[in-house]
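Note that my numbering has the sequence shown beginning at 85, numbered continuously upward.
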Amino acid sequence: MSLDVLNLLLVLLAALGGGLVATRLGYPAILGELAAGILLGPPLLGLLELDDGLAVVGKLGVVLLMLYIGLHLDPNDIGRASKAGALAALGGFLVPAGLGFGLMILVTQDVVASVFVAVAMGVTSLATKSRILVDLGILNTRVAHVLMAGALFSDVAALVIFAAILGLAATGSLAIGGIAAAVAKALLFLIGTWIVGTRVFPVAGRWVTNRISDPSLQFLLVVLAGLSFAAAADAAGLHAILGAFLAGLFVRDGVLEHRQLRDVERRARGISLGLLAPVFFVTAGYKVSFDVFTDEPLLLAAVILLATVGKVVGTAVFYLPTGYGFREGVAVGAGMNGRGAVEIIVAEIALAAGLIDGTVFSILVFMAIFTTGTVPILLTWSIRWLRRHGELVADERSRVIVAGAGPLARLVAALMAPDGEVTLIDTNAHRAQAAAAEGFAVVVGSVLDEEILEHAGASAAASLVAITANPEVNLLAARLGSQRFGIPDTFVALPPESSVALEEMLVEFGGSLMFGRRIDTTQWDESIASGSVTELSYSVAAPEVVLADGSPLDPLDAALESLPIVIQKGAGTEPFTDDGSLGEGDTVFGIGRSAHVSLDSREPHLN
C-alpha cells in the first residue's frame, strides 16, 4: 500500500473548496466535500482517483471524527433533554423509517438493504441548525430548544442502531445461534467499555493530569483510548466508529480537568474535521453513480419524498401530546429533516462490506443531499407560519449573567434582575465579596471558562452582560455565551478607545453595545464607589427611536452627565443599547454625575 501525496493534496484542496462553498450557502461542509468528490471524481469529471492510502487516511479520519463527536456531546444533556425533544426524535425516526422499510421491501425484497435505507431515512443531523436558527432569530425559542434535545437522542440512537445492524449482518446468517452469539459479543463489549470508562478512565485521567503536562501527549493518550475502544468494537463484531464514539463519551470532566478536556476536544476537531475526515467524504463521493437517476428515478424520488414527509408529519403527530400544537410540531420536523455525516459514514461501510449495492448507496447519498437542502426552506416557512398565528414561544430562560462584579456591574445587575435571578462572575475576590454582601449570587473565576459559565447557570440564561474593564474579555465572553450556551441576548461594554475590529466582532456574533455608547467603566465604577452619582429616570411621552448619540432623548438634568442603563417596558426590563427603541410609556433608568468628571470621547447620551 502506498499513499500518493499529490493525490492527497488534490483531495484536500477539493474538500476545502467544496466545504467553503457549502458553508457560505449555509449548509454543512460535509455536503460540500461530498459534492466535490462527485463532481471531480469518477462519477463526473474523473480528475480525482481513489488509492489504498487515501482509503486508510479516510477511515482513520472517520474514527477520529466519531471520537470528537463523543467528546463534544455531554451524556448528562441526554438525561436533561426535554420530553418534547424525546417525542420529536421518536416520531421523526419511526415514521420515515417505517415508510422507508416498507418501500424498499416492496421494491427490492432485500431485508438488509431495506433496513439500512429505513434507518438512514429516520435519523437526523442538525449540522445546519446553527446558521439557520441565528438567521431566523429563534435561538431563544422553544422550537430551537426542542431541536437541540431531539438531535441528542437521534445522534446516539442512530449510532447504536447502525452498529447493531452491522453486527447482525456480519454474522452472515439469521440463525438463532448466530444472532445469540452476535448479541452476546455486543453485550460483552458494552459492559466492558462501561467498566473501563467509568472505573479505569477516572484513575488514568488523574494520573495524566498529575504526571503529563504536555497537551500534545494528553491528546495522544485520548486518541489511543479511542483507537483501543474502536479495536474492541471491531473484535465484538460491531464497528470501530461505535467504539471511538463511546470512548469520547467517557472522557468527561473528572477524567481530565475542564481546561484539558476542551483542549483535547479542539485538537480532535481540528485533525478530524479539518484534515482527515474530509478525505473520507470526498472519496465517498467517488462511489456515487448518476445511473440511479435513469435506472431508478421513481425509487429515488419516492425515498426523498417519504423521508421528508415522514420526518415532518411523524414529528408533528408524535409532538401532539406535549400540548404545544401541531404547527410547532411541523416546525420541529422541518428542522430535523437534515441528514449528514453519520448516515454517509455507515452507508459507505455497508457498501464496502457488500451489505448494500451501489444503487442503494447512491440513493442514500442523494437523499441526504436533497433532504438537508430543504431544511432552510421548510424551517423558514414554518417559523413564519408560527409567527403569523402568534405561536412562536420563547424558551423558558430567565437568568441574567453579568461578567464583572464592580460597582457599575452590581448596579446593572440590580436594575436588570430585581427578582434576584442574576449571577455575577469575577476573578477578583474582593469585588466578589462586595457583590455577595449585597445579596447577589457570585461565582469567582474567569468568565471565559466554560465550566465557570455552566456553574453560573449559562445554560438557563436569557441574557449575558459583560462589563469588565477589559473590552477583549467582554467580547469573548459574550461570544462564548452566545455560541456555546445559546444565550439569546448578549450585551457588551466597550471603552472610548476601542478599535473598529472590536466593534466588527460585536456585530459578527449579534451582540449589542451596552449603555448605547462606548464608556470608561473604570471612571463610572469610581464615581459610584465614591457616592458621587445620582439616580435618574426618564419617562417617554411619545414613541421615539434611540440613536447612538442619544439626540432624541430630552435632558434629564443639564448639569449632569447621564448614563442610561435599562429600559422598563411594561412589566419587563431590558438593557439600554445602541440599537434599542423607545415607545410611549417606557421608562429609562440610569445614573448621572457631574459632567466635568467624564473623559468620554462622545457626547453624553441622556443630556
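Every residue gets a Cβ at the ideal spot worked out from N, C-alpha and C, and that includes glycine.
Fair warning: this is a prediction, and the values are worked out from it, not measured in the lab.
- As the crow flies, the alpha-carbon of alanine 266 is around 14 Å from that of alanine 316.
- Using a 10 angstroms sphere on the CB of isoleucine 275, the tally of other CB atoms stays under 16, which defines it as exposed.
- In the structure shown, the three-state DSSP call for proline 405 is helix.
- Burial check for glutamate 432: the Cβ neighbour count within 10 Å reaches 16 or more, so the residue is buried.
- Under the three-state reduction of DSSP output, arginine 351 falls in the helix class.
- In the three-state reduction of the DSSP assignment, aspartate 510 falls in the strand class, which pools E and B.
- Beta-bridge pairing by DSSP links glutamine 652 to Thr657, Thr671.
- By the neighbour-count definition (other C-beta atoms within 10 Å, threshold 16), arginine 602 is a buried residue.
- From the listed residues Pro126, Glu133, Gly110, Arg468, the smallest Cα separation to valine 89 is found for Glu133.
- Within the same chain, and ignoring the five residues on either side of alanine 181 in sequence, the residues whose Cβ sits closer than 7 Å to its Cβ are Ala202, Val203, Met205, Gly206.
- The segment 504–512 makes no contact with the segment 569–580: fewer than 3 CB pairs, one atom from each, lie closer than 8 Å.
- Cα atoms of leucine 131 and glycine 125: separation of roughly 6 Å, rounded to the nearest angstrom.
- With respect to the 7 Å criterion, threonine 661 and leucine 586 are not classified as neighbours on the basis of their beta carbons.
- Selection Val363, Arg471, Val414, Gly529 evaluated against glycine 103 yields Val363 as nearest (Cα-Cα).
- About 6 Å separates the Cβ atoms of phenylalanine 445 and lysine 371, confirming a contact at the 8 Å cut-off.
- About 5 Å separates the beta carbon of threonine 605 from that of alanine 577, a gap short enough to meet the 8 Å contact definition.
- Distance from the CA of isoleucine 453 to the CA of glycine 656, rounded to the nearest whole angstrom, comes to 44 Å.
- With contacts defined as CB atoms closer than 7 Å, alanine 391 and threonine 455 qualify as a contacting pair.
- If you compare the alpha carbons of Asp135, Ala425, Gly186, Ser621 with that of valine 387, the shortest gap goes to Gly186.
- DSSP places phenylalanine 454 inside the alpha helix (DSSP H), whose first and last residues are 442–472.
- Listed as beta-bridge partners of aspartate 337 by DSSP are Leu340.
- Under the 10 Å beta carbon count, lysine 143 is surrounded by 16 or more other beta carbons and is classified as buried.
- Fewer than three pairs of CB atoms, one per stretch, sit closer than 8 Å, so the segment 401–413 makes no contact with the segment 189–203.
- The beta carbon of isoleucine 245 lies closer than 7 Å to those of Val203 in the same chain, with the five residues before and after it left out.
- Checking the DSSP bridge columns, you'll see methionine 598 partnered with Thr661.
- Assignment of beta-bridge partners to glutamate 619 by DSSP yields Ile675.
- Inter-segment contact for the segment 483–491 and the segment 457–470 is absent: fewer than three beta-carbon pairs are separated by less than 8 Å.
- In chain order, Ala320, Gly321 place their CB closer than 6 Å to the CB of lysine 269, counting only its own chain and leaving out the 5 sequence neighbours on each side.
- Annotation for arginine 483: the continuous beta strand (DSSP E) segment containing it runs 483–487.
- Distances from the alpha-carbon of serine 238 to those of Arg471, Met420, Val396, Phe329 put Met420 closest.
- The distance from the Cβ of alanine 288 to that of glycine 310 is about 13 Å, inconsistent with a contact at the 8 Å cut-off.
- Cα atoms of leucine 250 and proline 127: separation of roughly 27 Å, rounded to the nearest angstrom.
- With respect to the 7 Å criterion, glycine 169 and alanine 233 are classified as neighbours on the basis of their beta carbons.
- Burial state of alanine 425 is buried, judged by a 10 Å Cβ sphere holding 16 or more other Cβ atoms.
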